[in-house]
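Right, one structure below, let's go through it.
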Amino acid sequence: MRTAVCPGSFDPITRGHVDVVRRARSMFDEVVVAVARNSAKTPLLDVEERLRLAAAAVADLDGVRVEAVDGLLAAYVRRTGAVAVVKGLRSGADLDAELPMALMNRHLIGVETVFVVGDGALAHVASSLVKDVARHGGEIDDLVPPGVGEAVRAALRAAQQVRADERGSTR
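Quick note, the sequence shown lines up with residues 1 to 171 if you use UniProt numbering.
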């Protein structure tokens with residue numbers, strides 16, 4: 001069985017992510033959506049919520065599973081026996097960011113990275129922009145799978161409440 005890993009923070013998962021997973025599934029027998037516990041980023045959604053939302057978003061895709069990933073992606077890919085890493089590209093900037101990681105993964109464990117050109121209609125969709133639009137009261141439901149928009153809005157409300165509570169305790 002040929003397995004590929006689609007890694008990311010998925011904070012939150014977007015329609016663009018799902019498009020890449022769907023395309024990857026057409027090329028491989030199995031696709032693992034690897035939700036990273038990225039210590040370099042402070043996610044809006046905790047890993048359990050990101051796992052839940054990702055699983056719901058790809059539930060209709062046979063041969064796709066969702067798992068959490070800790071540590072080095074290359075080590076995870078080796079453990080799973082995957083033959084490739086699949087990454088979506090929206091622009092040249094994505095390639096500039098992804099190429100060094102692809103080369104390092106090839107150097108470390110000999111795994112190839114397959115770059116999938118994203119759907120042009122979704123080229124403007126990035127998790128960071130989705131959060132920014134939501135943070136400023138904009139509509140995001142057409143950018144994300146069902147249920148994700150409400151989860152993002154709820155997490156933003158909770159974060160806002162924490163900040164308000166912190167301000168109140170310092171007075």
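Just so it is clear, CB atoms sit at the ideal spot from N, CA and C, and this is done for glycine as well. These numbers come from a predicted model, not from an experiment.
Query: Assuming the contact rule is C-beta atoms closer than 8 Å, residue 178 and G63 should be a hit. Round their C-beta distance to whole Å, please.; Result: With the chain represented from 1 up to 171, any question about residue 178 goes unanswered, as that position is not in the structure.
Query: I need the straight-line Cα distance from T42 to T113, nearest angstrom please.; Result: 26 Å
Query: When we look at the beta-carbon of V125 and count the other beta-carbons within 10 Å, is it buried (16 or more) or exposed?; Result: buried
Query: Below 8 Å on the Cβ atoms is my guess for I13 versus V111; work out the distance and round it to an integer in Å.; Result: Rounded, the Cβ-Cβ distance is 23 Å, inconsistent with contact.
Query: So, for V58: in the same chain, excluding its five sequence neighbours on each side, which residues have a beta-carbon less than 7 Å away from its beta-carbon?; Result: V18, V21, V33, V64 and V66
Query: Thinking C-beta only, is R15 closer than 8 Å to V144?; Result: yes
Query: Could you pull out every residue in the same chain whose Cβ sits closer than 6 Å to the Cβ of G88, ignoring the five residues on either side in sequence?; Result: V20, V116 and G118
Query: Measure the beta-carbon distance from V47 to A4 and round it to whole angstroms, keeping in mind my assumption that it falls under 8 Å.; Result: That belief does not hold up - the Cβ atoms of V47 and A4 are roughly 21 Å apart, past 8 Å.
Query: Kindly give me the distance between the Cβ atoms of V152 and L44, rounded to whole angstroms, as I take these residues to be in contact under 8 Å.; Result: 7 Å
Query: Residues bridged to E30 by DSSP?; Result: T3
Query: Mapping the DSSP letters down to three states, classify V162 as helix, strand or coil.; Result: helix
Query: By Cβ distance, which residues of its chain are closer than 8 Å to V130, with the 5 residues on each side in sequence left out?; Result: P12, T14, I140, L143, V144 and V152
Query: Can you tell me the Cβ-Cβ gap for A74 and L108, rounded? I've got them flagged as a contact below 8 Å.; Result: 4 Å
Query: Which residues does DSSP list as the beta-bridge partners of A84?; Result: A4 and E112
Query: Since V69 and R23 should fall inside the 8 Å C-beta cutoff, what is the C-beta to C-beta distance between them, to a whole number of angstroms?; Result: 20 Å between Cβ atoms; not a contact.
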